[in-house]
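Participant: Input: one structure, supplied below.
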Amino acid sequence: MSSIEQGLVLMLVGVAVVFIFLVILVFITKLLSYVVLRYFPEKEKPAPKKPSAPAAGSRDAEIAAAIAAATAYSKR
Amino acid sequence: MNIANAFQEFWNATGVMNFTIGQLVMILVGLVMIYLAIAKKYEPLLLFTIGFGAILANIPVAEISGPEGFLGIFYQAGIANGLFPLLIFMGVGAMTDFGPMIANPKTLLLGAAAQVGIFIALLGALVLDMFPFISFSLADAASIGIIGGADGPTAIYVTSQLSMRLLGPIAVAAYSYMSLVPIIQPPIIRAFTTKKERVIKMEQLRHVTQLEKILFPIAALALCIVLLPTATPLIGSLMFGNLAKECGVVNRISDTLQNALINIVTIFLGLAVGSRMEAQYFLTFETLGILALGLVAFGFGTMTGILLAKVMNKFSKEDINPIIGAAGVSAVPMAARVANKVGQEENPHNFLLMHAMGPNVAGVLGSAVAAGILLAVVPILM
Numbered sequence: 000m001s002s003i004e005q006g007l008v009l010m011l012v013g014v015a016v017v018f019i020f021l022v023i024l025v026f027i028t029k030l031l032s033y034v035v036l037r038y039f040p041e042k043e044k045p046a047p048k049k050p051s052a053p054a055a056g057s058r059d060a061e062i063a064a065a066i067a068a069a070t071a072y073s074k075r
Numbered sequence: 000m001n002i003a004n005a006f007q008e009f010w011n012a013t014g015v016m017n018f019t020i021g022q023l024v025m026i027l028v029g030l031v032m033i034y035l036a037i038a039k040k041y042e043p044l045l046l047f048t049i050g051f052g053a054i055l056a057n058i059p060v061a062e063i064s065g066p067e068g069f070l071g072i073f074y075q076a077g078i079a080n081g082l083f084p085l086l087i088f089m090g091v092g093a094m095t096d097f098g099p100m101i102a103n104p105k106t107l108l109l110g111a112a113a114q115v116g117i118f119i120a121l122l123g124a125l126v127l128d129m130f131p132f133i134s135f136s137l138a139d140a141a142s143i144g145i146i147g148g149a150d151g152p153t154a155i156y157v158t159s160q161l162s163m164r165l166l167g168p169i170a171v172a173a174y175s176y177m178s179l180v181p182i183i184q185p186p187i188i189r190a191f192t193t194k195k196e197r198v199i200k201m202e203q204l205r206h207v208t209q210l211e212k213i214l215f216p217i218a219a220l221a222l223c224i225v226l227l228p229t230a231t232p233l234i235g236s237l238m239f240g241n242l243a244k245e246c247g248v249v250n251r252i253s254d255t256l257q258n259a260l261i262n263i264v265t266i267f268l269g270l271a272v273g274s275r276m277e278a279q280y281f282l283t284f285e286t287l288g289i290l291a292l293g294l295v296a297f298g299f300g301t302m303t304g305i306l307l308a309k310v311m312n313k314f315s316k317e318d319i320n321p322i323i324g325a326a327g328v329s330a331v332p333m334a335a336r337v338a339n340k341v342g343q344e345e346n347p348h349n350f351l352l353m354h355a356m357g358p359n360v361a362g363v364l365g366s367a368v369a370a371g372i373l374l375a376v377v378p379i380l381m
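Those sequence lines, one after another, are chains A and Y. For the first sequence, numbering that gives the first Met the number 0 begins at 0 and goes up steadily by one. For the second sequence, numbering that gives the first Met the number 0 begins at 0 and goes up steadily by one.
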């Protein structure tokens, strides 16, 4: 087998295996997300009231909420 | 021995008397790399250290990169056995956020498509082997191809396992082209997409929970263990770092991996790679061939990533902007930033960065998988 032929074999095998591997990983990831979101949803976090960011944080959040509401309203 | 003789002996041991033209040229190359790092900020962490290593390696008499010299010791300690690239990969894992990819798993396919460049360059190397002055074995060709993975540590790891003699030029080509991604990719992106495609807006990514982020590295490693054990050194290190970051209970380890450790290893790795740039090994026609093939690998990888993204856009329910396919070559996070920039040139309100991070980190996995395949198959074919 000439080296070019070997290269072609390697190319076919390589591209095929990379795709097979990542296609399987796509399905695994989807399954994983499905199971996690279905059976172990994240608990509603008791609003981020960390002592590190007291007043400023909540005000930022209020502003963000106001902006979000305004954007949603204007999109209608 | 009289005074005149002593001076004669000293004179014979000076740099002036012992320089070869090749060494001068390589010191100049080292200076150019340092210039590019400092003045142009091209991958400064690596071009600076490699460039300085190249200067030290080409000093006559001192034998700094010989087995007893300090660069030679770095080289033996971590490059020859593939240790340093794996340590870097742990740091990369601790800095990687797989979130955008978990939110949109389809983008993993783009990371696969962009690896085609690796195998095109591999074929190219075997074609170049037919020319005079150039001789590339299959193992050499595989190491050259992996430049197209656009992932420095992966390229160094594969080369250290398959074809040690080409380590200098391959590492230099890999890191140089990674720093040139903002110059290489945009024209290719524009050539293969229409304006209509480039302005496509993508839906915002959903929130990814912490549990998903913790389970993903374990699942990916499990798949790798089952299908491709030769890729587990790379994927295992990557996922070790990533899990350390995502689990949230070993922040000290995660912090060390992504800061102190990766910085220290970068110093050793850069200098040791530079030490492989000795004139007699580096100034060859083969180096020119490797530099050309590296460019081919990058170009084709970008192209195939974009083409698959176009196909996916046709068949998928939600819109996919084909530009993000270019980020599949890895070169994290540079390629994703380039995709974002090209997208904003067409539509300043289009933010593709997070969407491009998906294929971008998928590209890291894709090139590690490709590396695993080469490491598994090439030794058998030889």
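From the three backbone atoms N, C-alpha and C, an ideal C-beta is built for every residue, glycine too. Model, not experiment: these values are computed from the prediction.
Residue 318 of chain Y by DSSP, collapsed to three states: which one?
Facilitator: Looking at residue 318 of chain Y - three-state DSSP - the assignment turns out to be coil, as it is neither helix nor strand.
Participant: Given this structure, state the Cα-to-Cα distance separating residue 289 of chain Y from residue 124 of chain Y, to the nearest angstrom.
Facilitator: Cα-Cα distance, rounded: 8 Å.
Participant: Within a Cβ cutoff of 8 Å, which residues of the same chain sit near residue 220 of chain Y, ignoring the five residues on either side of it in sequence?
Facilitator: Counting only Cβ-Cβ distances below 8 Å, and skipping sequence neighbours, we find 231, 234, 235 and 238.
Participant: Between residue 52 of chain A and the rest of its own chain, which residues show a CB-CB distance below 6 Å, the 5 nearest in sequence each way excluded?
Facilitator: For residue 52 of chain A, the predicted structure reports a pLDDT of 48, less than 50, and the residue's modelled location is therefore unreliable. The matter cannot be settled from this model.
Participant: Helix, strand or coil for residue 224 of chain Y per DSSP?
Facilitator: Residue 224 of chain Y falls in the helix class under three-state DSSP.
Participant: Does any residue of chain Y have a CB that is nearer than 9 Å to the CB of residue 49 of chain A?
Facilitator: Unreliable placement is indicated for residue 49 of chain A, whose pLDDT of 48 sits below 50; no coordinate value is reported for it.
Participant: Check the C-beta distance from residue 176 of chain Y over to residue 86 of chain Y and give it rounded, since I have them as a contact under 8 Å.
Facilitator: The pair is not a contact, with the Cβ atoms about 23 Å apart (cut-off 8 Å).
Participant: Does DSSP put residue 139 of chain Y in a helix, a strand or coil?
Facilitator: Residue state, collapsed to three classes: helix.
Participant: List in chain order: all unbroken alpha helix (DSSP H) runs of 4+ residues lying wholly within the region 155-226 of chain Y.
Facilitator: Listed in chain order, they are 166-178, 180-191, 194-197 and 209-226.
Participant: Establish whether the CB of residue 62 of chain A and some CB of chain Y are separated by less than 9 Å.
Facilitator: Not one chain Y Cβ lies under 9 Å of residue 62 of chain A.
Participant: Quick one: is residue 104 of chain Y near chain A, going by C-beta distance under 9 Å?
Facilitator: Yes - at least one Cβ of chain A is within 9 Å of the one on residue 104 of chain Y.
Participant: Can you round the beta-carbon distance between residue 297 of chain Y and residue 147 of chain Y to whole angstroms, since I take them to be within the 8 Å contact cut?
Facilitator: Residue 297 of chain Y to residue 147 of chain Y, Cβ: 6 Å. Contact.
Participant: Just the C-alpha distance for residue 201 of chain Y and residue 320 of chain Y, rounded to the nearest angstrom, thanks.
Facilitator: Cα-Cα distance, rounded: 7 Å.
Participant: I want to verify the contact list: residues of chain Y whose CB lies under 7 Å from the CB of residue 42 of chain A, in sequence order.
Facilitator: Per Cβ cutoff of 7 Å: no residues; residue 42 of chain A is ~10 Å from chain Y at best.
Participant: With distances taken between CB atoms, is the gap from residue 271 of chain Y to residue 73 of chain Y smaller than 9 Å?
Facilitator: Yes, they are a contact pair.
Participant: Do the region 11-18 of chain Y and the region 140-154 of chain Y meet, that is, are 3 or more Cβ pairs less than 8 Å apart?
Facilitator: In short, these stretches do not touch, since the Cβ pair count stays below three.
Participant: Could you check where the alpha helix (DSSP H) with residue 344 of chain Y kicks off and where it finishes?
Facilitator: That run of the alpha helix (DSSP H) goes 333-345.
Participant: Along chain Y, in chain order, which residues have C-beta atoms closer than 9 Å to that of residue 70 of chain A?
Facilitator: Neighbours of residue 70 of chain A on chain Y: none; closest Cβ ~12 Å, over 9 Å.
Participant: Considering Cα atoms alone, identify which of Y/356, Y/315 and Y/348 is closest to residue 335 of chain Y.
Facilitator: Residue 335 of chain Y has its Cα closest to that of Y/356, out of Y/356, Y/315 and Y/348.
Participant: When the Cα of residue 136 of chain Y is compared with those of Y/325, Y/347, Y/158 and Y/23, which residue comes out closest?
Facilitator: Taking only the C-alpha atoms, the option nearest residue 136 of chain Y is Y/158.
Participant: Closer than 7 Å by beta-carbon distance: list the chain Y residues that pair up with residue 27 of chain A, in chain order.
Facilitator: Ordered by position in chain Y, the residues that pass the 7 Å Cβ test against residue 27 of chain A are 218 and 222.
Participant: Within the 9 Å Cβ cut-off, does residue 32 of chain A reach chain Y?
Facilitator: Yes, because at least one Cβ of chain Y sits closer than 9 Å to the Cβ of residue 32 of chain A.
Participant: For residue 317 of chain Y, go through chain A and note every residue whose CB falls closer than 9 Å to its CB, in chain order.
Facilitator: Residues of chain A passing the Cβ test: none, with the nearest at roughly 15 Å.
Participant: Let me know if residue 277 of chain Y comes out buried or exposed under the rule of 16 or more other beta-carbons within 10 Å of its beta-carbon.
Facilitator: Buried is the call here.
Participant: Around the Cβ of residue 6 of chain Y, are there at least 16 other Cβ atoms within 10 angstroms (buried) or fewer (exposed)?
Facilitator: Result: exposed.
Participant: Name, please, each residue of chain A whose Cβ falls closer than 7 Å to the Cβ of residue 211 of chain Y.
Facilitator: Chain A residues near residue 211 of chain Y: 31, 32 and 35.
Participant: Taking residue 110 of chain Y as the query, report the chain A residues whose CB atoms sit under 8 Å from its CB, ordered along the chain.
Facilitator: Simply 21.
Participant: Would DSSP call residue 132 of chain Y helix, strand or coil?
Facilitator: Coil.
Participant: Checking 9 Å against the spacing of the C-beta atoms, do residue 22 of chain Y and residue 66 of chain Y come in under that value?
Facilitator: No. Outside cutoff.
Participant: I want to verify the contact list: residues of chain Y whose CB lies under 7 Å from the CB of residue 2 of chain A, in sequence order.
Facilitator: Those within 7 Å of residue 2 of chain A in chain Y are 125, 128 and 137.
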